[in-house]
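Numbering (the numbering used here), first residue to last: 34 to 430. Think of the CB as a built atom: it goes at the ideal place given N, C-alpha and C, for glycine as much as any other residue. Everything below concerns the one structure shown next.
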């Protein structure tokens with residue numbers, strides 16, 4: 034057998050179906066179409082498994098080959114349910130054009146993950162809408178790591194079946210933008226939103242268009258050369274999300290002027306508005322400052338500001354680079370002791386507390402005291418590494 038096409042056909046004829054994902058990545062792209070046309074067995078048994086979740090490392094050449102295969106085999110294109118595209122910044126800037134042309138025939142696509150520097154999907158989606166082409170069944174969409182323009186995200190927002198959206202909104206949000214033309218995202222249940230220098234009142238306006246959200250991950254990228262501190266979280270109108278079950282809030286600062294490393298900080302002013310009215314919230318991931326405020330002497334008890342529905346609390350104490358951080362180890366241990374006592378008296382239903390990262394100040398006597406307090410409360414704990422964050426104490430109440 035001399036050609037790569039025949040080699041591929043022969044290989045596929047003896048391959049067990051559970052190996053399909055591996056073959057998809059190893060298969061020469063010029064043999065793709067002919068392999069799809071091997072036999073009825075391939076159609077009925079192998080192809081549905083292959084298209085269950087396809088992960089492709091892409092370049093412009095491969096996009097063209099894949100797109101051609103989909104156009105030549107429309108019945109196979111309709112089997113695609115889940116697709117992941119990955120690429121690096123080294124590829125051409127028009128990669129979004131090839132990607133959208135590639136997926137346009139996939140009318141039954143339910144999950145699309147773009148891993149890498151895709152930035153123009155929303156704009157291309159608008160062009161597809163003009164041609165009457167859209168994705169009526171798309172439920173899950175990850176829009177990559179590059180910032181999207183807010184105007185382009187509006188086209189994504191219109192997808193009728195969308196339930197989960199992960200998007201980075203670029204540094205265009207300092208300008209005025211009107212949400213009045215955006216539709217309600219009635220089916221959206223999960224939103225992972227990263228924004229650069231966006232006003233929190235604008236975020237609240239966006240959230241009002243997705244009243245059925247069950248999960249919200251919100252990360253604020255803040256340019257410290259323009260604003261010395263992060264915004265006041267109290268401007269986030271979370272009370273409008275009555276169905277919210279999981280909430281994660283974070284702030285990352287950067288500086289365009291001084292070319293400094295990215296560092297995590299927390300808001301210097303204010304804290305969350307009371308979230309006790311979020312009756313379905315069971316998981317909260319937030320910083321000490323954001324939950325309790327910047328000044329320990331004015332801070333409430335943790336059990337007084339969390340809803341009774343909460344079962345898992347991740348409390349972040351990362352004070353690296355925070356020149357005004359006022360929470361001492363003793364004060365934090367006291368707050369955790371109060372919370373652990375509240376769990377025994379029935380004032381809160383928290384079952385798991387994740388506290389950390391355990392940086393340089395949580396060593397020796399301070400860490401021993403924290404461990405002792407946990408033991409005295411009757412709880413047990415374990416220390417675990419959280420990738421990208423450091424060491425945490427996981428306390429089981």
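Boundaries (first-last residue) of the beta strand (DSSP E) holding residue i
i, result
"residue 385", "385-389"
"residue 430", "Premise fails: residue 430 is in no beta strand (DSSP E) and is neither H nor E."
"residue 200", "197-202"
"residue 148", "144-149"
"residue 224", "223-229"
"residue 278", "Counting along the chain, residue 278 falls outside any beta strand (DSSP E), and DSSP gives it neither H nor E."
"residue 137", "Careful: residue 137 lies outside any beta strand (DSSP E) and carries neither H nor E."
Burial state of residue i, where buried means 16 or more other Cβ atoms lie within 10 Å
i, result
"residue 322", "buried"
"residue 328", "exposed"
"residue 419", "exposed"
"residue 185", "buried"
"residue 390", "buried"
"residue 299", "Confidence at residue 299 is low in this model, with a pLDDT of 47, below 50, so its placement is unreliable and no value can be given for it."
"residue 487", "Outside the modelled stretch of the chain, which goes from 34 to 430, sits residue 487, for which no answer is possible."
"residue 229", "buried"
"residue 172", "buried"
"residue 330", "exposed"
"residue 214", "exposed"
"residue 375", "buried"
"residue 350", "buried"
"residue 107", "exposed"
"residue 137", "buried"
"residue 180", "buried"
"residue 194", "exposed"
"residue 368", "buried"
"residue 421", "exposed"
"residue 283", "buried"
For residue i, the three-state DSSP class (helix, strand or coil)
i, result
"residue 103", "helix"
"residue 247", "coil"
"residue 179", "coil"
"residue 318", "strand"
"residue 341", "coil"
"residue 154", "helix"
"residue 113", "coil"
"residue 253", "strand"
"residue 423", "strand"
"residue 404", "helix"
"residue 324", "helix"
"residue 418", "strand"
"residue 274", "coil"
"residue 173", "strand"
"residue 347", "strand"
"residue 432", "Look at the range of the chain in this structure, 34 to 430, and you will see that residue 432 is not part of it."
"residue 399", "helix"
Segment limits, alpha helix (DSSP H) that includes residue i
i, result
"residue 374", "362-378"
"residue 238", "233-240"
Residues near residue i in its chain [Cβ-Cβ closer than 7 Å; skip 5 each side]
i, result
"residue 412", "373, 428, 429 and 430"
"residue 72", "The predicted position of residue 72 is uncertain, since its pLDDT is 39 and thus under 50; no value can be drawn from it."
"residue 313", "276, 277, 278 and 342"
"residue 432", "In the structure displayed, the chain extends from 34 to 430; residue 432 sits before or after that span and is not available."
"residue 212", "238, 239 and 242"
Chain-order list of residues whose beta-carbon lies under 6 Å from that of residue i (same chain, five-residue window excluded)
i, result
"residue 43", "For residue 43, the pLDDT reaches just 47, beneath the cut-off of 50, and the residue's location in the model is therefore unreliable, leaving the point undetermined."
"residue 273", "241"
"residue 347", "318 and 387"
"residue 403", "366"
"residue 270", "237"
"residue 226", "251"
"residue 217", "242"
"residue 22", "This structure gives no information on residue 22, because the portion of the chain shown stretches from 34 to 430."
"residue 199", "175 and 225"
"residue 310", "272"
"residue 146", "117 and 175"
Beta-carbon contacts of residue i that lie in its chain and below 8 Å, excluding the five residues immediately before and after
i, result
"residue 315", "278, 279, 342, 343, 344 and 345"
"residue 424", "389, 390, 391, 416, 417 and 418"
"residue 361", "329"
"residue 246", "221, 222, 223, 224, 240, 274, 276 and 277"
"residue 364", "329"
Test: residue i CB closer than 7 Å to a CB of chain C
i, result
"residue 248", "Any reference to chain C falls outside this structure, which holds one protein chain only."
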